[in-house]
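In this text, residue positions in the sequence shown follow this note's numbering: the first is 190, and each later residue adds one. No residue lacks a Cβ here, since even glycine has one placed at the ideal position from N, Cα and C. Remember, predicted model here, so these are calculated numbers, not experimental data.
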Amino acid sequence: MGCGGSRPNIAAASKLEHISKCALLTESAGWGLLDGGIIAATALDARGSLKKKLEAAGERKFSDAEIETFKLVLCHYLGRESSAMLLDLVYAQKARDCIDNMDCCGMLVAYEAGSRKDGPPPLMPGWSAGRILREGGNGVKLLVYYNPEWDPEVKEATCAFVEQVGAECAGVGLPFFLEVLTLDEHSDGVEYARKKPLLVLAAVEEFSKPRYRVDVLKLEFPALAKYTKGLKWIKTPPHNGEYAYDTKEVAGYMKAMSDKARVPFIFLSAGVDMPVFCEMLTLAGKSGCRYCGVLCGRATWKGAVEVYAKEGEEALAKWVQTEGLENLKMLKTVLSNYATPLRRKSPLYAYS
């Protein structure tokens, strides 16, 4: 075989090195490097939405420097207990420098400049997958919205865009984490909840295709927790007491999701409370859904917003070291029991 024939193997080996940095390699849990890792990553790439939440809680304007400090403090403590941190390119320079100096934590970087619900999102100007690699990133995260019932032109524009980013990541040997959020004409309510399983299953089927070169899919549960009957930690019934499904049905959707996936996938928390998130992860594991971990944001740290907004940096540090780390401990316990190591799902490990 000529030199050109080895280039895909070199790229895959590079991706394996980086993706291993983003997965827990805890000997005490029986994972270890030879068994591949489980992703227990913390998402802290919120930008405009975080600024709005801080300003609403503090009833004042927050400067860019104050938002950077919020992220830096969270990274300083959560980074030591997370397999990776997902950070942005707007408010997280100090946080990225912090993670770059940690041997125990990988760094994922959000590539999109913002979200767009009717087509491909804009990318961060002046950035590329190559620059993210040079700046210490171990993976590229891209967020897209997807509706299988979109107009064909909009749907194909989104799919072609994802394909281009996947090729760019492959070209520099960085893992491609694709986050897909589904939507339809209903933005909320029981009708949307009823459609959620079909929407998520359609997204899994589409973006598992080889053309996208996705290494890890970051996905929603195929059901909305607040419309699921039988969950212990959902204390308030939905409006009019109208549920969309029960836990047995949701378990079936989770197993179907796993069966359709052709690449490793992890779950996002969508801002639910940590006990609810862990209950859904447990249900998924018991259903036979072979997910490889989580990229969890607000479920871990949303309680920190009000603390920082009203009491400042010192109070934030105390909160993270108590409630924040307790949330992570709860999450990692569930993952150790129910998540599937990447080695059993990712083709990258063929190059180890």
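Check                                                                                                                                                                                        : Outcome
On the three-state DSSP scale, how would you describe residue 538?                                                                                                                           : helix
Quick test of your reading: residue 537 and residue 208, contact by CB under 8 Å. State the CB separation rounded to the nearest angstrom.                                                   : 6 Å
For the stretch 463 to 532, which segments carrying the alpha helix (DSSP H) assignment without a break, of at least 4 residues, lie completely within its bounds, in sequence order?        : 463 to 476, 487 to 490, 492 to 500, 502 to 508, 514 to 527
Just the C-alpha distance for residue 218 and residue 510, rounded to the nearest angstrom, thanks.                                                                                          : In this prediction, residue 218 scores a pLDDT of 40, lower than 50, which makes its location untrustworthy; no coordinate-derived value is stated.
Taking its Cβ as the centre, do 16 or more other Cβ atoms sit within 10 Å of residue 301, making it buried, or is it exposed?                                                                : buried
With a threshold of 16 other CB atoms inside 10 Å of the CB of residue 399, please say whether the residue is buried or exposed.                                                             : exposed
Can you tell me whether residue 503 is buried or exposed, with buried defined as 16 or more other CB within 10 angstroms of its CB?                                                          : exposed
Would you check if the stretch 264 to 274 and the stretch 301 to 319 touch, i.e. whether three or more CB-CB distances between them fall below 8 Å?                                          : no
Just checking, does the stretch 330 to 345 make contact with the stretch 370 to 386 on the three C-beta pairs under 8 Å criterion?                                                           : yes
Report the three-state DSSP secondary structure of residue 418 (helix, strand or coil).                                                                                                      : strand
Alpha carbon to alpha carbon, what distance is there between residue 418 and residue 283?                                                                                                    : 43 Å
Less than 8 Å between the beta carbons of residue 497 and residue 528, yes or no?                                                                                                            : no
For residue 347, does the count of other Cβ atoms within 10 angstroms reach 16, so buried, or fall short, so exposed?                                                                        : buried
If you count every other CB in all the chains shown that lies within 10 Å of the CB of residue 448, and 16 or more means buried, which is it?                                                : exposed
Quick one: what's got a C-beta closer than 7 Å to residue 469's C-beta in the same chain, skipping five residues either side?                                                                : 410, 414
Thinking just about the alpha-carbon of each residue, which of 364, 246, 280, 420 is nearest to the one in residue 407?                                                                      : 364
Which residues in the same chain as residue 343 place their Cβ atom closer than 7 Å to its Cβ, once the five residues preceding and following it in sequence are excluded?                   : 307, 308
Assign residue 487 to buried or exposed, taking buried as 16 or more other Cβ atoms, counted over all protein chains shown, within 10 Å of its Cβ.                                           : buried
Please state the DSSP three-state secondary structure of residue 410.                                                                                                                        : coil
Can you find the residues in the same chain that come closer than 8 Å, C-beta to C-beta, to residue 255, ignoring five residues on each side of it along the sequence?                       : 243
Give every residue of the same chain whose Cβ lies closer than 8 Å to the Cβ of residue 513, excluding the five residues on either side of it in the sequence, and list them in chain order. : 263, 266, 267, 489, 490, 492, 493
Residue 260 and residue 281 - do their beta-carbons sit closer together than 8 Å?                                                                                                            : yes
Determine the extent of the alpha helix (DSSP H) in which residue 354 is found, giving its start and end residues.                                                                           : 341 to 361
Are residue 366 and residue 329 close, meaning C-beta to C-beta below 8 Å?                                                                                                                   : yes
With residue 368 as the anchor, note down where its beta strand (DSSP E) starts and where it stops.                                                                                          : 365 to 371
On the DSSP bridge list, what partners appear for residue 330?                                                                                                                               : 299, 366
Whole angstroms are fine: how far does the CA of residue 298 sit from the CA of residue 379?                                                                                                 : 34 Å
If I follow the unbroken beta strand (DSSP E) through residue 233, where does it start and stop?                                                                                             : 228 to 233
Could you compute how far the alpha carbon of residue 432 sits from the alpha carbon of residue 202?                                                                                         : 46 Å
Since residue 439 contacts residue 472 with CB under 8 Å, what's their CB separation in whole angstroms?                                                                                     : 6 Å
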